[in-house]
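Participant: According to my numbering, the sequence shown is numbered sequentially starting from 11.
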Amino acid sequence: MAEINRAALFFEPGKPFRIAEFPIPEPAPGGLTLRITRSNICGSELHQWRGDGRLAQAITPNGRILGHEATGRVHALGEGVTTDWNGAPLQIGDRIAYQYFQPCGRCRNCTRGMSEACMESFKIRSGELDVWPYTRGSFADYLYLHRGQAIFKVPENVTDTMVVGANCALAQVIMGLERVNVEMGDRVVIQGCGGLGVYACAIAKERGAETVIAIDGIDDRLALAAQMGADHVIDFRDVTDSKQRVQAVKDLTGGLGADVVVELVGSVAVINEGLRMLAWGGRYLEIGVFFTGTSFDCDPGRLVSLNQRIEAVGSYDAASLQRAIEFLGRNADRLPLDDVVVDYPLEAIDQAFADQNSGLVKRASLVMT
């Protein structure tokens, strides 16, 4: 167990990270200190690293700690913390998955059952590096979890490599597919087969989708999407024209188009194409582009005349994280969940980002020692 708290500091797009040391945060009543075992590079961090959209203006002279899609073991328990959110006894050394933000529970959205839209959720990720709890991102050895962040013990049959994406990619996909009500008999298109995309293939099939079509241009991602539940894959290296890809979806859905299309590329360039893949009454789910400063072409008349709708989902509720853990427990021996991530030590974070950006890996995962 590390006796120091290393963390990777990010300063601005195009600049290398720097490893620094911080105190290990002591837990306050109702909270706990987590020892991170692994932390993925999520698409959101990749957008920050590249400086996409208005993120190019995000410069932090003193550095900040990125990272949120992670898992670890309980290092210290604050006063009053004896169980996880399922009521299971919690003790030092237990493996947990956690909600990386903190809904307030009191605002208008929280009290209306939409904690995923709480405006206060991400305040815990802001603060000076020399002020407790110091490390507010998971690209570090230790992370403090506040009262109100959902925590769940990890089943014994679920490995760290399986559960590391549960608190972002998997939980958010579960929340999103529930929002657009993917159900038995639906035809679903997944645009992009990174970490979120391959999970979306699996969750769509679990919800009863008749046909799942995955679109990407990397062999390993397409192969994993098929293993995770995609019935058909479209390789955009082979089907290079947008109109041809739309027609391919129509051909695979009996000429009707998709009931649901999910954007998980993280690029506005694919949205109009995805909208044209929808059937009458179809639903378009936007998750990938979380940053502002972009736009896309849209024909609102087509949406109205075909009774289509666009939904967008950021974050998730505690129930979605709980369902993510349960999904992993049910499917640990059936799906290649261990194959989603590729390991890097924290000291190789710059290489991990470069490889993730190039598409060489499905999900780069930083392993803490």
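Don't be surprised by glycine CBs; every beta carbon is placed ideally from N, CA and C.
For G369 and E55, what's the separation of their Cα atoms in angstroms?
Facilitator: Your numbering for residue 369 matches position 359 in the sequence shown. Your numbering for residue 55 matches position 45 in the sequence shown. Their Cα atoms are separated by approximately 15 Å.
Participant: Going along the chain, which residues of its own chain have a beta-carbon closer than 6 Å to the beta-carbon of R83, five neighbours each way excluded?
Facilitator: Locating residue 83 in the sequence shown gives position 73, counting from the first residue. So the qualifying residues of the chain are R45, G103 and R105.
Participant: Mind the definition here: the stretch 71–86 touches the stretch 113–133 only if three or more C-beta pairs lie below 8 Å; say whether that holds.
Facilitator: Too few Cβ pairs lie closer than 8 Å, so no.
Participant: Taking only the alpha-carbon atoms, compute the straight-line gap between V350 and L313 and give it to the nearest angstrom.
Facilitator: In the sequence shown, counting from the first residue as 1, residue 350 sits at position 340. In the sequence shown, counting from the first residue as 1, residue 313 sits at position 303. Going by the C-alpha atoms only, they are around 35 Å apart.
Participant: Which runs of the beta strand (DSSP E) spanning at least 3 residues fall entirely within the stretch 133–213, listed in chain order?
Facilitator: Counting whole runs of 3 or more residues, the stretch 133–213 contains the beta strand (DSSP E) stretches 152–155, 161–163 and 197–201.
Participant: Does the Cβ-Cβ distance between L232 and C203 come in under 8 Å?
Facilitator: In the sequence shown, the residue the question calls residue 232 occupies position 222. In the sequence shown, the residue the question calls residue 203 occupies position 193. A contact, by the Cβ cut-off of 8 Å.
Participant: Closest by CA to M287, which one among A342, K253 and F300?
Facilitator: Looking up residue 287 in the sequence shown gives position 277. When each option's Cα is compared against that of M287, the closest is K253.
Participant: Below 8 Å between beta carbons: does that hold for V199 and I225?
Facilitator: The sequence position of residue 199 within the sequence shown is 189, counting from 1. The sequence position of residue 225 within the sequence shown is 215, counting from 1. A contact, by the Cβ cut-off of 8 Å.
Participant: Are A268 and A289 closer than 8 Å when you measure CB to CB?
Facilitator: Taking the first residue of the sequence shown as position 1, residue 268 is located at position 258. Taking the first residue of the sequence shown as position 1, residue 289 is located at position 279. Yes, these two residues count as a Cβ contact at 8 Å.
Participant: Buried or exposed, going by whether 16 or more other CB atoms sit within 10 Å of the CB of S136?
Facilitator: The residue given as residue 136 occupies position 126 in the sequence shown. S136 comes out exposed.
Participant: Measuring alpha carbon to alpha carbon, tell me which of E22, V164, L266 and F300 ends up nearest E273.
Facilitator: Sequence index remark: in the sequence shown, residue 273 carries index 263 (1-based). It is F300.
Participant: Quick check on DSSP: helix, strand or coil for W59?
Facilitator: As a working note, residue 59 is residue 49 in the sequence shown. Helix, per DSSP.
Participant: What's the gap between the Cα of D140 and the Cα of I335?
Facilitator: Position 130 of the sequence shown, counted from the start, is the residue given in the question as residue 140. Position 325 of the sequence shown, counted from the start, is the residue given in the question as residue 335. The alpha-carbon atoms of D140 and I335 are separated by roughly 34 Å.
Participant: Kindly indicate the opening and closing residues of the alpha helix (DSSP H) around D360.
Facilitator: Here residue 360 corresponds to residue number 350 of the sequence shown, with the count starting at 1. That run of the alpha helix (DSSP H) goes I359 to S368.
Participant: Alpha carbon to alpha carbon, how far is R60 from T304? Give it in angstroms, no decimals.
Facilitator: To locate residue 304, count along the sequence shown from 1; it is residue 294. To locate residue 60, count along the sequence shown from 1; it is residue 50. Taking the straight line from one Cα to the other gives about 15 Å.
Participant: Within 10 angstroms of the Cβ of N50, are there 16 or more other Cβ atoms? Answer buried if so, exposed if not.
Facilitator: Counted from its first residue, the sequence shown places residue 50 at position 40. When all chains shown are included, N50 counts as buried.
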